[in-house]
Every structure is written in C-alpha cells, then in structure tokens.
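K.L.:
Residue numbers (this note's numbering): 296 to 381. The beta-carbon is built from N, C-alpha and C at its ideal position, and this holds for glycine as well. The structure presented is a predicted model; accordingly, all values stated were derived computationally and were not measured. If you scroll down you'll find the structure; I have some questions about it.
Take a look at the structure:
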C-alpha cells in the first residue's frame with residue numbers, strides 16, 4: 296500500500312468533520328507510509344497492516360474460533376527397535 300492512499304484518506308477527512316483517520320489493509324504498507332501517516336501539522340492516520348490486524352482480531356476474539364483440542368503424535372521407537380530388518 297502506497298502513500299497515495301494515506302493522502303486520499305487525509306484529503307477526505309474534512310468532508311466528514313473527522314480529525315484523524317485509520318487505514319487498514321491485509322497487506323503491508325510501503326516504507327515511507329509510517330512517516331507520512333504522522334506528518335507534522337496534518338491529521339494523523341493510524342496504519343494497521345495485515346500482521347497487526349490479525350493481532351487485533353485475536354486479542355478481541357473477532358472471527359476467531361478457539362479450540363483446546365490438540366492431537367500430539369509420537370513415534371513408537373520401541374516398535375522400530377523390535378523390527379528385524381534384513
């Protein structure tokens with residue numbers, strides 16, 4: 296995601312009487328986006344990339360199904376020791 300989206304969102308804020316914005320993506324933001332999002336004198340834009348979005352979904356139990364059922368598999372080494380291999 297490039298800075299263009301940050302600039303577009305910031306430009307739309309006054310039309311909605313908003314003083315800040317949030318941009319969410321399942322992807323990653325370009326390197327200069329973090330700096331542009333907090334540009335001095337401009338409305339701040341919070342950036343949430345895919346990794347952070349997943350963290351927030353898990354923290355807030357949104358779209359998450361938890362299960363305590365875990366199946367552990369272990370190799371029976373004794374069985375293999377007892378086998379005769381010619």
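(1) Does the pairing of the region 369 to 381 with the region 338 to 354 give three or more beta-carbon distances under 8 Å?
(2) Check for me: the alpha helix (DSSP H) holding residue 343 runs from which residue to which?
(3) Exposed or buried, residue 342, counting other C-beta atoms within 10 Å across all chains shown (16 or more means buried)?
(4) Taking the beta strand (DSSP E) that residue 318 falls in, what are its first and last residues?
(5) In or out: residue 332 buried (at least 16 other Cβ within 10 Å) or exposed?
(6) How about residue 360 and residue 337: do their beta carbons lie closer than 8 Å?
(7) Would you report the Cα separation of residue 356 and residue 368, rounded to the nearest angstrom?
(8) Does the beta-carbon distance from residue 296 to residue 320 come in below 8 Å?
(9) Just the Cα atoms here: how many angstroms apart are residue 334 and residue 340?
P.N.:
Walking through what the data contain:
(1) no
(2) Indexing the chain shown from 1 puts residue 343 at position 48. Counting along the chain, residue 343 falls outside any alpha helix (DSSP H), though it belongs to the beta strand (DSSP E) covering 340 to 343.
(3) As a position in the chain shown, residue 342 is number 47, starting the count at 1. Label assigned to residue 342: buried.
(4) As a working note, residue 318 is residue 23 in the chain shown. 316 to 319 is the span of the beta strand (DSSP E), which, as asked, contains residue 318.
(5) As a first step, residue 332 is located in the chain shown; it is residue number 37 there, counting from the start. Burial state of residue 332 is buried, judged by a 10 Å Cβ sphere holding 16 or more other Cβ atoms.
(6) Taking the chain shown and counting its residues from 1, one reaches residue 360 at position 65. Taking the chain shown and counting its residues from 1, one reaches residue 337 at position 42. No, they are not a contact pair.
(7) The sequence position of residue 356 within the chain shown is 61, counting from 1. The sequence position of residue 368 within the chain shown is 73, counting from 1. The straight-line gap from Cα to Cα measures roughly 29 Å.
(8) In the chain shown, residue 296 corresponds to position 1, counting from 1. In the chain shown, residue 320 corresponds to position 25, counting from 1. Yes.
(9) As a position in the chain shown, residue 334 is number 39, starting the count at 1. As a position in the chain shown, residue 340 is number 45, starting the count at 1. Using only the alpha carbons, I get a separation of about 9 Å.
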